[in-house]
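Peer 1:
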Amino acid sequence: MTVEAHKETLEFKAEVSQVLDLVIRSLYSNKEIFLRELVSNASDAAERLRFEALSDDGLYEGDSQLRVRILIDRDAKTLTVSDNGIGMSRQEVMDTIGSIASSGTRRFLASLSGDQTKDGQLIGQFGVGFYSAFIVADRVTLISRRAGYGPEHGVRWESDGRGTYTIETVEKVVRGTDVILHLKDDEQEFLEQWRLRSIIQKFSDHIAIPIEMPKEYYGEEAEKRKGQPPEFEQVNRGTALWMRNKSEIREEEYHEFYKHIAHDFEPPLAYVHNRVEGTNEYTALLYIPRRAPWDLWDREPKHGVKLYVRRVFIMDESDQLMPRYLRFIKGIVDADDLPLNVSREILQHNRKIDAIRQANTKRILGLLETLAKDEPERYALFWDEFGKVLKEGPAEDYANRERIAGLLRFATTHSEDNKQRVSLDDYIGRMQEGQDKIYYITAETPAAARHSPHLEIFRKKGIEVLLLSDRVDEWLLSHLHEYKGKHLQSVAKGELDLGGLADQEDKETKDKAATEHRPLLDRLKTALGERVEAVRPSQRLVESPACLVVGADDMSIHLARVLKAVGQNAPQVKPTLEVNLEHPLVKRLAAEADTDRFNDLASILFEQAQLAEGTQLDDPGAFVARLNKLIAEMLAI
Numbered sequence: 001m002t003v004e005a006h007k008e009t010l011e012f013k014a015e016v017s018q019v020l021d022l023v024i025r026s027l028y029s030n031k032e033i034f035l036r037e038l039v040s041n042a043s044d045a046a047e048r049l050r051f052e053a054l055s056d057d058g059l060y061e062g063d064s065q066l067r068v069r070i071l072i073d074r075d076a077k078t079l080t081v082s083d084n085g086i087g088m089s090r091q092e093v094m095d096t097i098g099s100i101a102s103s104g105t106r107r108f109l110a111s112l113s114g115d116q117t118k119d120g121q122l123i124g125q126f127g128v129g130f131y132s133a134f135i136v137a138d139r140v141t142l143i144s145r146r147a148g149y150g151p152e153h154g155v156r157w158e159s160d161g162r163g164t165y166t167i168e169t170v171e172k173v174v175r176g177t178d179v180i181l182h183l184k185d186d187e188q189e190f191l192e193q194w195r196l197r198s199i200i201q202k203f204s205d206h207i208a209i210p211i212e213m214p215k216e217y218y219g220e221e222a223e224k225r226k227g228q229p230p231e232f233e234q235v236n237r238g239t240a241l242w243m244r245n246k247s248e249i250r251e252e253e254y255h256e257f258y259k260h261i262a263h264d265f266e267p268p269l270a271y272v273h274n275r276v277e278g279t280n281e282y283t284a285l286l287y288i289p290r291r292a293p294w295d296l297w298d299r300e301p302k303h304g305v306k307l308y309v310r311r312v313f314i315m316d317e318s319d320q321l322m323p324r325y326l327r328f329i330k331g332i333v334d335a336d337d338l339p340l341n342v343s344r345e346i347l348q349h350n351r352k353i354d355a356i357r358q359a360n361t362k363r364i365l366g367l368l369e370t371l372a373k374d375e376p377e378r379y380a381l382f383w384d385e386f387g388k389v390l391k392e393g394p395a396e397d398y399a400n401r402e403r404i405a406g407l408l409r410f411a412t413t414h415s416e417d418n419k420q421r422v423s424l425d426d427y428i429g430r431m432q433e434g435q436d437k438i439y440y441i442t443a444e445t446p447a448a449a450r451h452s453p454h455l456e457i458f459r460k461k462g463i464e465v466l467l468l469s470d471r472v473d474e475w476l477l478s479h480l481h482e483y484k485g486k487h488l489q490s491v492a493k494g495e496l497d498l499g500g501l502a503d504q505e506d507k508e509t510k511d512k513a514a515t516e517h518r519p520l521l522d523r524l525k526t527a528l529g530e531r532v533e534a535v536r537p538s539q540r541l542v543e544s545p546a547c548l549v550v551g552a553d554d555m556s557i558h559l560a561r562v563l564k565a566v567g568q569n570a571p572q573v574k575p576t577l578e579v580n581l582e583h584p585l586v587k588r589l590a591a592e593a594d595t596d597r598f599n600d601l602a603s604i605l606f607e608q609a610q611l612a613e614g615t616q617l618d619d620p621g622a623f624v625a626r627l628n629k630l631i632a633e634m635l636a637i
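Residue numbers for the sequence shown, in UniProt numbering: 1 to 637.
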């Protein structure tokens with residue numbers, strides 16, 4: 001069949017051009033990385049073909065021996081990385097090569113600091129490994145054909161990395177992808193076989209797909225073989241690293257394997273390698289990354305655990321092998337006794353997969369517990385990157401709720417700043433005699449939590465309070481009600497209950513004040529009307545004139561605000577206004593005879609309490625007008 005040429009010259013998206021410019025200016029600290037990235041992409045393509053061929057053997061096109069080949073052309077000054085994997089269609093080339101992690105590129109650019117060393121470490125988090133080729137090449141050509149398509153459906157992509165690329169339809173007899181690097185004049189070292197072999201053995205020795213290079217002959221043997229097709233030999237060990245004995249694997253090998261499967265440029269923070277035998281036999285090699293991926297908070301986040309069955313790749317990013325709150329974990333699970341034609345539907349109802357998932361979860365939690373106990377500084381690095389995700393755990397994983405809770409970290413009123421965090425065990429160890437609750441407060445920001453008027457009595461009595469300001473915190477606390485027998489209590493809900501820490505004298509004083517100041521409390525309720533559920537004296541306040549409190553079983557004001565911000569319907573929260581009867585402003589209210597002025601002051605009191613909660617006022621203009629009127633009257637006096 002004759003192929004009708006269809007060639008286009010297209011521009012990269014603006015963000016892609018910026019990333020390309022950074023790559024070409026060598027953000028990578030080690031330019032050898034380009035070969036590791038291209039080989040990793042090639043081996044991934046081979047594994048994907050093996051998976052798809054499980055249900056369609058015809059995709060092999062008569063050649064089931066998968067391999068990656070490295071070819072050198074010294075005369076043309078080109079280096080080619082070729083695979084006979086799944087290949088790509090024209091549209092797939094445009095989607096994959098013509099854009100770089102399109103949904104995350106802006107976030108990537110926003111993360112850049114100007115420090116090339118630090119910025120280079122970010123590259124691997126944004127799926128731009130292919131473009132590392134431009135570190136050593138001034139032009140890159142990609143020729144590909146998807147398995148199962150006819151030879152006339154080949155595609156040729158080419159770019160010099162300077163803003164545009166060409167793409168055209170070509171004929172390609174063999175399925176798979178060839179990446180041809182036209183090397184820069186000062187990068188000719190990568191045309192030497194010994195150099196390439198040393199890089200492969202350093203970075204890619206663990207890849208299970210054979211990596212082949214032509215045999216080199218010298219002297220008379222070289223003369224005899226002139227004009228003959230090259231003979232290829234495997235240059236990597238080619239055995240699945242996870243199947244080797246742990247005692248035989250060096251730390252560097254574990255790290256390089258992680259970089260291969262995660263396409264990361266930094267070593268992992270920690271890892272665990274287990275072989276399970278018995279009725280359910282499998283091997284698991286799981287890694288905790290050092291940094292959070294850019295898509296950690298996407299609505300449909302990718303999972304990082306690959307499923308193999310007897311060394312045959314089955315599924316990438318399987319969400320059945322790790323719970324959602326551990327979606328950042330990278331690694332592989334290789335099972336011995338799952339059917340090779342396993343599908344996602346089967347996985348969802350497979351008891352063996354459930355058992356593997358539960359065991360993986362316990363291994364990761366155990367690894368985190370060891371880090372927290374033995375290497376708190378490294379655990380702090382983990383918490384900074386993944387703490388918010390781990391907070392989803394108690395809601396999702398009831399069976400491990402208490403273990404997860406023990407791994408959580410919080411700022412408190414006893415820490416100097418919001419970067420100092422403590423565990424719930426630390427908090428319990430510091431509880432005062434007679435204290436039987438873990439107190440907390442939720443707010444929009446760390447500063448709002450730390451300076452909330454609800455904390456005044458707790459500071460006065462020296463009682464520690466957890467300061468929570470992540471959006472996920474309300475979700476966490478709706479499922480984590482106690483820890484080691486200690487109830488978690490919001491300081492902004494219900495009547496203040498300090499248990500054994502309360503003074504009988506304080507309670508009697510409050511009851512007496514409620515009786516003596518009933519006329520004032522009733523006037524305030526009348527003035528505020530339906531805006532409040534009730535008005536009562538406060539035991540919480542020491543310095544502030546008022547605060548808002550919801551019922552013990554009601555949704556918090558903060559959560560209602562969060563739900564509204566994300567477009568969810570939240571029930572109307574009608575708070576109770578608590579007033580500090582010793583505050584000058586409240587005393588001034590009690591003495592105010594003019595009804596209009598009293599109503600204005602009551603509204604100011606209520607709206608100030610709303611602002612202290614971080615709530616947006618329904619009518620900011622009216623608040624400003626009332627406040628200006630009050631200030632004008634004071635100035636006149």
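Glycine residues also receive a C-beta, built at the ideal position from the N, C-alpha and C atoms.
Specify, as a first and last residue, the run of the beta strand (DSSP E) that K461 falls within.
Peer 2: Here residue 461 is taken as the residue at index 461 of the sequence shown, counted from 1. That residue, K461, is in no beta strand (DSSP E); its alpha helix (DSSP H) goes E456 to K461.
Peer 1: How close, in whole Å, do the beta carbons of Y282 and P268 come, if the pair is a contact with beta carbons under 8 Å?
Peer 2: Counted from its first residue, the sequence shown places residue 282 at position 282. Counted from its first residue, the sequence shown places residue 268 at position 268. So it is not a contact: roughly 21 Å between Cβ atoms.
Peer 1: With distances taken Cα to Cα, identify the nearest neighbour of D389 among K226, S478, L338 and D473.
Peer 2: Start at 1 with the first residue of the sequence shown, and residue 389 comes out as number 389. It should be pointed out that residue 389 corresponds to Val in this sequence rather than to Asp. Among K226, S478, L338 and D473, the Cα nearest to that of V389 is on D473.
Peer 1: Mind checking whether V535 and E456 have CB atoms under 7 Å apart?
Peer 2: Your numbering for residue 535 matches position 535 in the sequence shown. Your numbering for residue 456 matches position 456 in the sequence shown. No.
Peer 1: If you measure between the beta carbons of Y379 and L371, is that distance less than 7 Å?
Peer 2: As a position in the sequence shown, residue 379 is number 379, starting the count at 1. As a position in the sequence shown, residue 371 is number 371, starting the count at 1. Contact flag set, yes.
Peer 1: Measuring only the C-alpha atoms, how far is E251 from H6?
Peer 2: Locating residue 251 in the sequence shown gives position 251, where the first residue counts as 1. Locating residue 6 in the sequence shown gives position 6, where the first residue counts as 1. Their Cα atoms are separated by approximately 49 Å.
Peer 1: Return the Cβ separation of Y483 and A395 in integer angstroms, given the expectation that the two are a contact with Cβ distance under 8 Å.
Peer 2: Working through the sequence shown from its first residue, we reach residue 483 at position 483. Working through the sequence shown from its first residue, we reach residue 395 at position 395. Not confirmed; about 15 Å, so no contact.
Peer 1: In the DSSP assignment, the alpha helix (DSSP H) including L408 goes from what residue to what residue?
Peer 2: In the sequence shown, residue 408 corresponds to position 408, counting from 1. Careful: L408 lies outside any alpha helix (DSSP H) and carries neither H nor E.
Peer 1: Whose C-alpha, out of D553, Q193 and A591, is nearest the C-alpha of K574?
Peer 2: For the purposes of this step, residue 574 is taken as the residue at position 574 of the sequence shown. Selected option, being the one with the closest Cα: D553.
Peer 1: Does DSSP put S26 in a helix, a strand or coil?
Peer 2: In the sequence shown, the residue the question calls residue 26 occupies position 26. Unreliable placement is indicated for S26, whose pLDDT of 46 sits below 50; no coordinate value is reported for it.
Peer 1: Please classify Y308: is it buried, with 16 or more other beta-carbons within 10 angstroms of its beta-carbon, or exposed?
Peer 2: The residue labelled residue 308 in the question sits at position 308 within the sequence shown. Y308 is classed as buried because its beta carbon has at least 16 other beta carbons within 10 Å across all chains shown.
Peer 1: Which first and last residues belong to the alpha helix (DSSP H) in which K306 is found?
Peer 2: The sequence position of residue 306 within the sequence shown is 306, counting from 1. No alpha helix (DSSP H) contains K306, which is instead part of the beta strand (DSSP E) from G304 to V309.
Peer 1: What's the C-alpha gap between K525 and E464?
Peer 2: One-based indexing of the sequence shown puts residue 525 at position 525. One-based indexing of the sequence shown puts residue 464 at position 464. Using only the alpha carbons, I get a separation of about 33 Å.
Peer 1: When you compare each of W157, R459, F34 and A53 to E92 by their alpha carbons, which one comes out closest?
Peer 2: Position 92 of the sequence shown, counting from 1, holds the residue named residue 92. Answer by Cα proximity: W157.
Peer 1: Terminal residues of the continuous alpha helix (DSSP H) containing K7?
Peer 2: Taking the first residue of the sequence shown as position 1, residue 7 is located at position 7. Membership of K7 in any alpha helix (DSSP H) is not indicated; the residue belongs instead to the beta strand (DSSP E) covering K7 to E11.
Peer 1: Considering only the alpha carbon of each residue, which of S82, K362 and V491 lies closest to V272?
Peer 2: Taking the sequence shown and counting its residues from 1, one reaches residue 272 at position 272. Checking every option, the nearest Cα to that of V272 belongs to K362.
Peer 1: Thinking L365 and N418 are a contact (beta carbons under 8 Å), I'd like their distance in whole angstroms, please.
Peer 2: Numbered from 1 along the sequence shown, position 365 holds the residue referred to as residue 365. Numbered from 1 along the sequence shown, position 418 holds the residue referred to as residue 418. Wrong, their Cβ atoms sit about 25 Å apart, outside the cutoff.
Peer 1: For the beta strand (DSSP E) that contains M634, what are its first and last residues?
Peer 2: Position 634 of the sequence shown, counting from 1, holds the residue named residue 634. Looking at the DSSP string, M634 is not in any beta strand (DSSP E); the run it does join, the alpha helix (DSSP H), is P620 to A636.
Peer 1: By Cβ distance below 8 Å, which residues in the same chain neighbour E188 in space, the five residues on each side in sequence not counted?
Peer 2: If you number the sequence shown from 1, residue 188 lands on position 188. The question names Glu, yet the displayed sequence has Gln at residue 188. Counting only Cβ-Cβ distances below 8 Å, and skipping sequence neighbours, we find K77.
Peer 1: Per DSSP, what kind of secondary structure is M243 in: helix, strand or coil?
Peer 2: Here residue 243 corresponds to residue number 243 of the sequence shown, with the count starting at 1. Of the three classes helix, strand and coil, the one that applies to M243 here is helix, per DSSP.
Peer 1: Run through DSSP, which three-state label would K373 get?
Peer 2: Position 373 of the sequence shown, counted from the first residue, corresponds to residue 373. If DSSP states are grouped into helix, strand and coil, K373 belongs with the helices.
Peer 1: Assuming F328 contacts L296 under a Cβ cut-off of 8 Å, what Cβ separation, rounded to an integer in Å, is found between them?
Peer 2: Position 328 of the sequence shown, counted from the first residue, corresponds to residue 328. Position 296 of the sequence shown, counted from the first residue, corresponds to residue 296. About 6 Å; that satisfies the 8 Å criterion.
Peer 1: Could you have a look at R50 and say whether DSSP puts it in helix, strand or coil?
Peer 2: Translated into positions along the sequence shown, residue 50 becomes position 50. It is helical.
Peer 1: Please return the same chain residues whose Cβ sits closer than 7 Å to the Cβ of D160, not counting the five positions on each side in sequence.
Peer 2: If you number the sequence shown from 1, residue 160 lands on position 160. D138 and R139.
Peer 1: Assign A76 to one of three DSSP states: helix, strand, or coil.
Peer 2: As a first step, residue 76 is located in the sequence shown; it is residue number 76 there, counting from the start. Three-state DSSP puts A76 in coil, outside helix and strand.
Peer 1: For a test of the three-state rule: what should DSSP assign to I97, helix, strand or coil?
Peer 2: For the purposes of this step, residue 97 is identified with residue 97 of the sequence shown, where counting begins at 1. Reduced to three states, the DSSP call for I97 is helix.
Peer 1: Can you name the start and end residues of the alpha helix (DSSP H) that E221 belongs to?
Peer 2: Stepping through the sequence shown from its first residue, residue 221 is reached at position 221. Unbroken alpha helix (DSSP H) run through E221: G219 to K224.
Peer 1: Any idea what DSSP makes of G393, helix, strand or coil?
Peer 2: Taking the sequence shown and counting its residues from 1, the one referred to as residue 393 is at position 393. It is helical.
Peer 1: For H153 and A147, what's the separation of their Cα atoms in angstroms?
Peer 2: Indexing the sequence shown from 1 puts residue 153 at position 153. Indexing the sequence shown from 1 puts residue 147 at position 147. Looking at the two C-alpha atoms, the distance is approximately 10 Å.
Peer 1: Kindly indicate the opening and closing residues of the beta strand (DSSP E) around Y287.
Peer 2: In the sequence shown, counting from the first residue as 1, residue 287 sits at position 287. Run containing Y287: Y282 to I288, per the beta strand (DSSP E) assignment.
Peer 1: Ignore the nearest five residues each way along the sequence and tell me which others in E369's own chain have a CB closer than 8 Å to its CB.
Peer 2: For this step, residue 369 is matched to residue 369 along the sequence shown. Excluding sequence neighbours, E369 sits near R403, G406 and L407.
Peer 1: Return yes when the Cβ of R291 is within less than 7 Å of the Cβ of E233, no when it is not.
Peer 2: For the purposes of this step, residue 233 is identified with residue 233 of the sequence shown, where counting begins at 1. For the purposes of this step, residue 291 is identified with residue 291 of the sequence shown, where counting begins at 1. No, these two residues do not count as a Cβ contact at 7 Å.
Peer 1: Looking only at its own chain, which residues have a Cβ that is under 8 Å from the Cβ of N236, when we skip the five neighbours before and after it?
Peer 2: As a first step, residue 236 is located in the sequence shown; it is residue number 236 there, counting from the start. Within the same chain, N236 has close Cβ partners I200, Q201, S204, D205, H206, I207, P210 and I211.
Peer 1: Since G429 is in the alpha helix (DSSP H), which residue starts that stretch and which ends it?
Peer 2: Taking the first residue of the sequence shown as position 1, residue 429 is located at position 429. Counting along the chain, G429 sits inside the alpha helix (DSSP H) bounded by residues L424 to G429.
Peer 1: Give me the Cβ distance between F34 and I135, rounded to the nearest whole Å; I'm assuming they're in contact under 8 Å.
Peer 2: Locating residue 34 in the sequence shown gives position 34, where the first residue counts as 1. Locating residue 135 in the sequence shown gives position 135, where the first residue counts as 1. Going by Cβ atoms, the distance from F34 to I135 rounds to 5 Å, so yes, they are a contact pair.
Peer 1: D176: which of Q193, I143, V422 and L477 sits nearest, CA to CA?
Peer 2: As a first step, residue 176 is located in the sequence shown; it is residue number 176 there, counting from the start. A small fix is needed here, since residue 176 is Gly in this sequence, not Asp. With distances taken between Cα atoms, G176 lies closest to I143.
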